[in-house]
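Trainee:
In the numbering used here, the protein residues as written are 36 to 683.
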């Protein structure tokens, strides 16, 4: 049988190829080629079945794998969602700031633990409660407005305050964020940070910037702001306005003598009293030190209404102030200015009041002055005086004159008082009354006093080296010098530098220096250890108690010229002078009368056994050459046994 002849067996010839297509699920598997070889068809079919099964399983596996991967992805997404949800919940629960979820009606749905701690309410206490439950009236309206804006899709940040469950205020930095689902706002997330501490700090800083820390009154800066506003209102409504500067007289002495704590206590009491005369349209501030400022609405621009105000202020100071065990009487100087022009500024109005205050001080204090145009020229002179006085210190224009102190019983010079003079390059010799009070007010008295001390010691040493009279020279210590730190060390250093015997230096202090008894006693004993002499100047005009004199190492009392002047016409002055002389004799002190200007005064003092005399009747203050001639004359006449010459 030939290869081409196999039809009877149902087979195709070997060289006749048949192709069969097997499919699975409509998908072609491939082609199967059969040869007329025994068993070849079965083999080919087996291969086809195998290929078909392999292909089907591959699809099943792929499908199964796809389903598995889909399930895995679904499980992963769910797990991821759960993790995200857990993280978000943890973030919500552990967020340090307060976080709350609020429904569109403004009621709380959820509240994190930080919010519970911050505001004192547990979550279940607030759930279903409206926003206004927490926010006080002054901030609830504003907070509701922001909440409404958040419901309309806006995210906002603002500062507000909320009431803690215990009733106190909590200041907040707040953010509201809309919660949206498919573009619809379903609630509002509110996030709050507690800024109470920062707010309090800001308030403290503002208070320090605009208020006096000690009295609690507004300071100069805030006073100017309110004065500007009051001036604008006064001009608009045609009202009259008065500005007053009030300065406590001699407060520096009280502060130095009793100490700063008592000084602060005194200012607090003054501030409290001044507050009594301030109405709703008026204003009071402490501008600096012992200076207070007012502005008042007044009916007109005459002196009468401001005079009434000044009297009310003086009346407030009538009653003495209690400082520990001490009663202190105060007076005040007041300067006033009136708003007169619409274009005036607060600064110019205050400057005018300040110039008037300066004038009140110059007139002896305890009075008030209303500003006038003449005061501007006076203030200009004061500025010029200060500038020239500073220049005088730098260029050695100051000099000392020496007024002799005479023992009328022996006719001998027993000392000199060094008195400061100013040799002005253009005006000539300037009287001390023209610049010493200003130097005391401005503080220039301290460097002037230090210069005078050193110059007096140097001059006295020079006289000794020249073989002239060996007598002490007295130098005045101002209250400001007396309160200077390390005064004793400075004086000791001056004595060392000039090589002057300490026993030939006499320090004169006023009674005002002894107001703080403990401080004065300690310092005076320190000075006595240096070997210097100490005298009380202007005795009888100050504040000290006679009982304190025995506590102080005082060598000499000087009877003030105000008592000596009228001893022949005023029995009271005569009695005071006689009593002082007798007292010093019992206390083993020396006494000297100053300001002796005629023979009757000299005779009275001699008859009452006051032999140490200083005054124009015997000699005016002398320049150095004249003082030297006087000492030589006295020395020569003493050596010859002659009487002292007349000095007037």
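Ideal Cβ positions, reconstructed from N, Cα and C, are used throughout, including at glycine.
Can you tell me which of 659, 212, 231, 537 puts its alpha carbon nearest to the alpha carbon of residue 222?
Mentor: For the purposes of this step, residue 222 is taken as the residue at position 187 of the chain shown. Here the closest residue by C-alpha is 212.
Trainee: Can you tell me where the beta strand (DSSP E) holding residue 227 begins and where it ends?
Mentor: Numbered from 1 along the chain shown, position 192 holds the residue referred to as residue 227. Here the beta strand (DSSP E) through residue 227 covers 219-229.
Trainee: Can you tell me whether DSSP reads residue 671 as helix, strand or coil?
Mentor: Residue numbering aside, residue 671 sits at position 636 when the chain shown is read from its first letter. Helix.
Trainee: Does the distance from the C-beta atom of residue 686 to that of residue 370 stay below 8 Å?
Mentor: In this structure the chain extends from 36 to 683, so residue 686 is not present and cannot be described.
Trainee: Just to confirm my understanding: we take residue 682, look at its own chain, exclude 5 residues before and 5 after, and list those with CB closer than 7 Å. What are they?
Mentor: Locating residue 682 in the chain shown gives position 647, where the first residue counts as 1. Confidence at residue 682 is low in this model, with a pLDDT of 41, below 50, so its placement is unreliable and no value can be given for it.
Trainee: Touch check for the stretch 304-314 and the stretch 326-345: three-plus C-beta pairs under 8 Å?
Mentor: yes
Trainee: Below 8 Å between beta carbons: does that hold for residue 143 and residue 199?
Mentor: Counted from its first residue, the chain shown places residue 143 at position 108. Counted from its first residue, the chain shown places residue 199 at position 164. No.
Trainee: From residue 472 to residue 398, what distance separates their C-alpha atoms?
Mentor: Locating residue 472 in the chain shown gives position 437, where the first residue counts as 1. Locating residue 398 in the chain shown gives position 363, where the first residue counts as 1. Roughly 11 Å between the two C-alpha positions.
Trainee: Name, in chain order, the residues that DSSP records as bridge partners for residue 509.
Mentor: Start at 1 with the first residue of the chain shown, and residue 509 comes out as number 474. DSSP, once it has assigned bridges, lists 452, 541 as partnering residue 509.
Trainee: State yes or no: is the C-beta of residue 510 within less than 8 Å of the C-beta of residue 487?
Mentor: As a position in the chain shown, residue 510 is number 475, starting the count at 1. As a position in the chain shown, residue 487 is number 452, starting the count at 1. Yes; because the gap between Cβ atoms is below 8 Å, this pair is in contact.
Trainee: Could you tell me which residues DSSP puts in a beta bridge with residue 498?
Mentor: The residue labelled residue 498 in the question sits at position 463 within the chain shown. Bridge partners of residue 498: none, in fact.
Trainee: Based on Cα-Cα distance, which residue from 514, 454, 424, 599 lies nearest to residue 630?
Mentor: On the chain shown, position 595 is the one that residue 630 refers to. If we check each option's Cα against that of residue 630, 599 comes out closest.
Trainee: Please classify residue 436 as buried or exposed, where buried requires at least 16 neighbouring CB atoms within 10 angstroms.
Mentor: Along the chain shown, read from residue 1 onward, the residue named residue 436 stands at position 401. Buried, because 16 or more other Cβ atoms sit within 10 Å of the Cβ of residue 436.
Trainee: Exposed or buried, residue 59, counting other C-beta atoms within 10 Å across all chains shown (16 or more means buried)?
Mentor: Here residue 59 is taken as the residue at index 24 of the chain shown, counted from 1. For residue 59, the pLDDT reaches just 36, beneath the cut-off of 50, and the residue's location in the model is therefore unreliable, although a value from the coordinates is still provided. Under this definition residue 59 is an exposed residue.
Trainee: Does the separation of the CB atoms of residue 590 and residue 568 fall below 8 Å?
Mentor: Taking the chain shown and counting its residues from 1, the one referred to as residue 590 is at position 555. Taking the chain shown and counting its residues from 1, the one referred to as residue 568 is at position 533. Contact: yes.
Trainee: Residues bridged to residue 522 by DSSP?
Mentor: Here residue 522 corresponds to residue number 487 of the chain shown, with the count starting at 1. Bridge partners of residue 522: none, in fact.
Trainee: For residue 355, which of helix, strand or coil comes out of DSSP?
Mentor: Here residue 355 corresponds to residue number 320 of the chain shown, with the count starting at 1. Residue 355 falls in the coil class under three-state DSSP.
Trainee: Quick check on the burial criterion: 16 or more other C-beta atoms within 10 angstroms. Buried or exposed for residue 135?
Mentor: Within the chain shown, residue 135 is the residue found at index 100, counting from 1. The residue is buried, with at least 16 neighbouring Cβ atoms inside 10 Å.
Trainee: From residue 272 to residue 385, what does the alpha carbon distance come to, in whole angstroms?
Mentor: Taking the chain shown and counting its residues from 1, the one referred to as residue 272 is at position 237. Taking the chain shown and counting its residues from 1, the one referred to as residue 385 is at position 350. Cα to Cα, residue 272 sits roughly 21 Å from residue 385.
Trainee: Give the straight-line distance between the Cα atoms of residue 666 and residue 489, rounded to the nearest whole angstrom.
Mentor: Taking the chain shown and counting its residues from 1, the one referred to as residue 666 is at position 631. Taking the chain shown and counting its residues from 1, the one referred to as residue 489 is at position 454. Taking the straight line from one Cα to the other gives about 21 Å.
Trainee: Pull up the distance between the alpha-carbon of residue 457 and that of residue 433, whole angstroms please.
Mentor: In the chain shown, the residue the question calls residue 457 occupies position 422. In the chain shown, the residue the question calls residue 433 occupies position 398. Approximately 5 Å between the Cα atoms of the pair.
Trainee: Should residue 514 and residue 325 be called a contact, given that it needs their Cβ atoms to be closer than 8 Å?
Mentor: Taking the chain shown and counting its residues from 1, one reaches residue 514 at position 479. Taking the chain shown and counting its residues from 1, one reaches residue 325 at position 290. Going by C-beta atoms, residue 514 is not nearer than 8 Å to residue 325.
Trainee: Count the other CB atoms, across all protein chains shown, that sit within 10 Å of the CB of residue 162; report buried if there are 16 or more and exposed otherwise.
Mentor: Position 127 of the chain shown, counted from the first residue, corresponds to residue 162. By the Cβ neighbour-count rule, residue 162 is exposed, with fewer than 16 other Cβ atoms within 10 Å of its own.
Trainee: So, at 6 Å on beta carbons, what are the nonlocal neighbours of residue 210 in its own chain, with the 5 sequence-adjacent residues on each side left out?
Mentor: The residue you call residue 210 lines up with position 175 of the chain shown. 192, 226, listed in sequence order.
Trainee: What runs of the alpha helix (DSSP H), each 4 residues or longer, lie entirely inside the stretch 459-496?
Mentor: 467-477
Trainee: With a 10 Å radius around its C-beta and 16 neighbouring C-beta atoms as the bar for buried, classify residue 171 as buried or exposed.
Mentor: Walking along the chain shown from the start, residue 171 turns up at place 136. Exposed, since its Cβ has fewer than 16 Cβ neighbours within 10 Å.
Trainee: So for residue 198, helix, strand or coil by DSSP?
Mentor: If you number the chain shown from 1, residue 198 lands on position 163. The answer is strand: DSSP assigns residue 198 an E or B state.
Trainee: In this structure, does DSSP put residue 79 in helix, strand or coil?
Mentor: Taking the first residue of the chain shown as position 1, residue 79 is located at position 44. Model confidence at residue 79 stands at a pLDDT of 47, short of 50, so the residue's coordinates are unreliable and nothing is read from them.
Trainee: Residue 365 by DSSP, collapsed to three states: which one?
Mentor: Working through the chain shown from its first residue, we reach residue 365 at position 330. Looking at residue 365 - three-state DSSP - the assignment turns out to be coil, as it is neither helix nor strand.
Trainee: When the distance is taken between beta carbons, is residue 451 closer than 8 Å to residue 467?
Mentor: Within the chain shown, the letter at position 432 stands for residue 467. Within the chain shown, the letter at position 416 stands for residue 451. No. Outside cutoff.
Trainee: Helix, strand or coil for residue 436, going by three-state DSSP, please let me know.
Mentor: The residue labelled residue 436 in the question sits at position 401 within the chain shown. It is a strand residue.
Trainee: Taking only three categories from DSSP, how would you classify residue 392?
Mentor: Along the chain shown, read from residue 1 onward, the residue named residue 392 stands at position 357. The three-state secondary structure of residue 392, taken from DSSP, is helix.
Trainee: Since residue 401 and residue 284 are thought to touch, with beta carbons under 8 Å apart, how far apart are those beta carbons, to the nearest angstrom?
Mentor: Residue numbering aside, residue 401 sits at position 366 when the chain shown is read from its first letter. Residue numbering aside, residue 284 sits at position 249 when the chain shown is read from its first letter. Sure, about 6 Å apart at Cβ, within 8 Å.
Trainee: Pick out the complete alpha helix (DSSP H) segments inside the stretch 235-283, 4 residues or longer, and give them in chain order.
Mentor: 255-271
Trainee: Could you tell me which residues DSSP pairs with residue 319 in its beta bridges?
Mentor: In the chain shown, the residue the question calls residue 319 occupies position 284. Residue 319 pairs with 329.
Trainee: Per DSSP, which one or two residues make a beta bridge with residue 210?
Mentor: Position 175 of the chain shown holds residue 210. Bridge partners of residue 210: 192, 226.
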